[in-house]
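For our numbering, add 299 to where a residue sits in the sequence shown, where the first one is 1.
Just so you know, even glycine gets a beta-carbon here, dropped at the ideal spot from N, CA and C.
See structure below.
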Amino acid sequence: MLTIGQMARVYGLSTKTLRHYDRIGLFRPQLTGRDNGYRYYAPAQLPVLGRIVWLRQLGLGLEEIGTLATNGGLADPASWQQTLQQHAANLAAGIARQQQVLDQLGRYLAQPERSLPAMQTPQIIDYPAVRIIGMRWHCQDQGTIAEMWQRFVPREQEIRPLRPIMGTFGVCQPLADGLWQYIAGLPATEETIIPDGMCEVHIPARRYARFEHQGTVATLPETFRAALSEWLPAAGLQADEGIEFEFCGERFLGPQHPQSVVELYFPLRT
């Protein structure tokens with residue numbers, strides 16, 4: 300029999316780790332002394348511990364390894380092969396997400412230093428009701444709003460007839476439980492049929508505060524935040540809960556154009 304110290308030294312572990320494995324039922328000793336509580340292991344248990352150490356080095360969690368051990372998978376190469384394939388897929392997805400963050404960070408760092416948006420006084424507008432047909436992005440969906448716009452633009456011609464409002468809308472609609480969705484769309488008539496894979500949203504007729512964002516869409520969130528946190532309060536106004544929307548009209552020259560203008564509309568509390 301091997302003592303817990305001998306077992307730990309074989310794989311460079313601490314005795315504390317082996318005691319933890321025992322407590323959670325992952326790797327139990329062959330024998331525990333009745334009087335002294337010492338743990339003793341059979342030499343045949345060494346390969347099993349080796350597999351646990353190997354799987355931990357590959358990044359598997361103790362819960363995953365425990366599930367594998369409970370089902371006899373530690374002794375079955377086919378079982379741990381399947382587990383490792385799923386683990387590899389999860390790692391690849393995580394790396395892809397981190398790469399997106401790294402790419403975004405690289406784009407930000409590559410931009411010239413920019414100042415905060417200049418102070419604006421809102422224009423108060425009584426906006427009419429508009430039916431919008433387009434594509435939806437939910438805040439819990441994979442991907443980004445920008446990617447959804449890329450899918451929508453090639454299909455804009457499917458939305459016919461249109462209302463005589465020259466431009467596209469980006470509608471942010473609050474949902475239950477603090478969730479929200481964003482619809483990229485065009486102003487449609489009541490007779491317009493919704494194309495497959497699209498949806499509709501109705502912008503209600505009400506009073507809105509209108510601001511303008513000039514620059515690339517990458518900096519639009521800065522204008523959005525400044526409008527809510529500074530410009531509306533400075534004007535003695537307060538945004539109401541409800542649909543907010545962006546309008547890209549004739550002055551919108553493209554998402555990366557520094558002179559592009561996007562109009563921002565916030566519902567006002569009366």
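For Phe451, the uninterrupted alpha helix (DSSP H) run begins and ends at Ile444 to Phe451, by DSSP. Around the Cβ of Pro532, a 10 Å sphere holds fewer than 16 other Cβ atoms; the residue is exposed. Looking only at Leu330, Leu567, His556 and Ala534, the smallest Cα-Cα distance to Phe544 is reached by Leu567. Going by beta carbons, Thr515 and Gln555 fall inside the 9 Å limit. The C-beta of Glu562 has 16 or more other C-beta atoms within 10 Å across all chains shown, which makes the residue buried. When secondary structure is reduced to three states using DSSP, Arg462 falls in the coil class, being assigned neither helix nor strand. In this structure, Met497 places its C-beta atom within 9 Å of the C-beta atom of Glu457. In the structure shown, Arg550 falls within a coil segment according to DSSP collapsed to helix, strand and coil. If you check the CB distance, Gly484 and Gly548 do not come in under 9 Å. Taken atom to atom, the span from the alpha-carbon of Met300 to that of Leu404 is near 55 Å.
Going by beta carbons, Thr382 and Leu367 fall inside the 9 Å limit. Apart from sequence neighbours up to five positions away, the residues of its chain that approach Glu490 with a beta-carbon distance below 8 Å are Pro460, ordered along the chain. Residue nearest to Asn335 within the set Tyr320, Thr302 and Pro342 is Thr302 (criterion: CA-CA distance).
DSSP places Tyr407 in the uninterrupted alpha helix (DSSP H) bounded by Pro376 to Ala409. Going by DSSP, Gly332 is part of no alpha helix (DSSP H) at all; its letter is neither H nor E. Take the alpha-carbon of Gln449 and the one of Ala409: they are about 23 Å apart.
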